[in-house]
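Accompanying notes for the structure given below.
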Amino acid sequence: MRWTILANLFGVKKILVKDESKRFGLNAFKMLGGAYAIAQLLCEKYHLDIETLSFEHLKNAIGEKMTFATTTDGNHGRGVAWAAQQLGQNAVIYMPKGSAQERVDAILNLGAECIVTDMNYDDTVRLTMQHAQQHGWEVVQDTAWEGYTKIPTWIMQGYATLADEAVEQMREMGVTPTHVLLQAGVGAMAGGVLGYLVDVYSPQNLHSIIVEPDKADCIYRSGVKGDIVNVGGDMATIMAGLACGEPNPLGWEILRNCATQFISCQDSVAALGMRVLGNPYGNDPRIISGESGAVGLGVLAAVHYHPQRQSLMEKLALNKDAVVLVISTEGDTDVKHYREVVWEGKHAVAP
58 MRWTILANLF GVKKILVKDE SKRFGLNAFK MLGGAYAIAQ LLCEKYHLDI
108 ETLSFEHLKN AIGEKMTFAT TTDGNHGRGV AWAAQQLGQN AVIYMPKGSA
158 QERVDAILNL GAECIVTDMN YDDTVRLTMQ HAQQHGWEVV QDTAWEGYTK
208 IPTWIMQGYA TLADEAVEQM REMGVTPTHV LLQAGVGAMA GGVLGYLVDV
258 YSPQNLHSII VEPDKADCIY RSGVKGDIVN VGGDMATIMA GLACGEPNPL
308 GWEILRNCAT QFISCQDSVA ALGMRVLGNP YGNDPRIISG ESGAVGLGVL
358 AAVHYHPQRQ SLMEKLALNK DAVVLVISTE GDTDVKHYRE VVWEGKHAVA
408 P
């Protein structure tokens, strides 16, 4: 979607927003990774060709029932639960402490078992692995570690569908992006999408900015150091889908080599993005975007309203020729909190 009036206000040529809230009725993009990985797993197990396969054909080809397990802040687990349901399989989804009940219910409504732990995201991943080994479940996780890279690679390839669609849509519009802002949790989506985009446009021609919450900015800190840095603790942020403290090493390699800049931002930046997307100027389209989905646009808005706007614009190479792509990766997956932010002004920018 083009945001023409906002682009003029912010001093750039174009702002393009890819809205993922309508994806398969799941209010987020994440099923692209989980569903693709599960399909690849089953094709490998039953010696099938994924290129010529439909979901119905795959479902009919499956013999014994399998159980897929994963850890999620909400959207990835919902995608895994959806794929398992579509294929007549079982899913067990683990969530970290503080997970919104609405996100839990969305997973339960897909027929999966959902367990909320008293741990943070990364410790919950370890618990999931332990339980999966005990019960013989298949883990479909979007981060990688030694000995576990095949499935995360498939998930990142699934996420690259976002970039493929965006490139095709921009070609139809006759535009070429100069900038892309990508939000990062473990960095699987950011790495998968950026890897695809730089193959199309080259790193030299695409100014890529990776955005994270300041309470879970493992990618930002890794970017500063030039090597992986983990973040511990509660990682209390409204950007639940980005509240991850340990980078996916597969995604990190792409981000380290291809990303131009890394930004760590407060919750108020995501909240600002939610309000701007939900209340556009003039004929710009309205987008319902959740906390993790809106942070990219929130960065642009925060720069515009910042006292040192001109200096920040120069640092980010934003000017009248900039064509900026952002991805709203989720809708209002927690409706109550969305309304508190957009209607009631929660997490407003400090004066």
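Residue numbering for the sequence shown follows the working numbering, beginning at 58 and increasing consecutively.
Glycine included, each C-beta is placed from N, C-alpha and C at the ideal position.
When C-beta atoms of the segment 356 to 373 are compared with those of the segment 67 to 81, three or more pairs fall below 8 angstroms, so the two segments count as touching. Inter-residue distance for D271 and G168 is about 34 angstroms (C-alpha atoms, whole angstroms). In this structure, the straight-line span from the alpha carbon of D324 to that of R343 is close to 21 angstroms. Listed as beta-bridge partners of N147 by DSSP are T124. DSSP places D76 within a strand segment (E or B) once states are collapsed to three.
Around the beta carbon of Q240, a 10 Å sphere encloses 16 or more other beta carbons of the protein chains shown; the residue is thus reported as buried.
Pairing V137 with V197 gives a Cβ-Cβ distance under 8 angstroms.
By the criterion of at least three beta-carbon pairs nearer than 8 angstroms, the segment 330 to 347 is not in contact with the segment 272 to 283. Non-local C-beta neighbours of G134 in its own chain, meaning closer than 6 angstroms and more than five positions away in sequence, comprise T127, I150 and I164, ordered along the chain. The beta-bridge partner set that DSSP reports for W202 consists of Y205. Bridge partners of K71 according to DSSP: V380. According to the DSSP assignment, F81 belongs to no beta strand (DSSP E), since it is labelled neither H nor E. Nearest C-alpha to A297 among C275, I266, S156 and V383: S156. Residues M213, Y216 and A217 of the same chain have their beta carbon placed closer than 6 angstroms to that of G249, with the five preceding and five following residues left out of the count.
For S265, the enclosing beta strand (DSSP E) starts and ends at H264 to P270. If you ignore the 5 residues before and after D221, its C-beta comes within less than 7 angstroms of the C-beta of Y253, all in its own chain and listed in chain order.
Listed in chain order, the non-local C-beta contacts of V257 below 7 angstroms within the same chain comprise V224, local neighbours out to five positions each way being set aside. Following the DSSP letters along the chain, one finds V406 in no alpha helix (DSSP H), marked with neither H nor E. As summarised for the segment 231 to 293, the continuous alpha helix (DSSP H) elements at least 4 residues long and confined to that stretch are 245 to 258 and 275 to 282, given in chain order.
In the structure shown, the three-state DSSP call for R343 is coil. In terms of Cβ geometry, P337 and L63 form a close pair [threshold 8 angstroms]. Note on geometry: alpha-carbon atoms of L83 and N132 lie some 8 angstroms from one another.
Annotated three-state conformation of V392 is helix, per DSSP.
By the Cβ neighbour-count rule, D106 is exposed, with fewer than 16 other Cβ atoms within 10 Å of its own. By a beta-carbon distance limit of 8 angstroms, L251 contacts I311. Their separation comes to about 6 angstroms. Boundaries of the alpha helix (DSSP H) harbouring V161: Q158 to L165, taken from the DSSP string. Between V237 and S265, the C-beta spacing is below 8 angstroms.
DSSP, read as helix, strand or coil, puts Q318 in strand. Within the same chain, K75 come within 6 angstroms of I384 by CB-CB distance, once the 5 residues on both sides are set aside. DSSP lists A126 as the bridge partner or partners of V196.
Closest option to D378, judged by alpha-carbon separation, among A316, Q142, V232 and S259: V232. The residue from K79, V380, V406 and W400 with its alpha-carbon nearest to that of M230 is V380.
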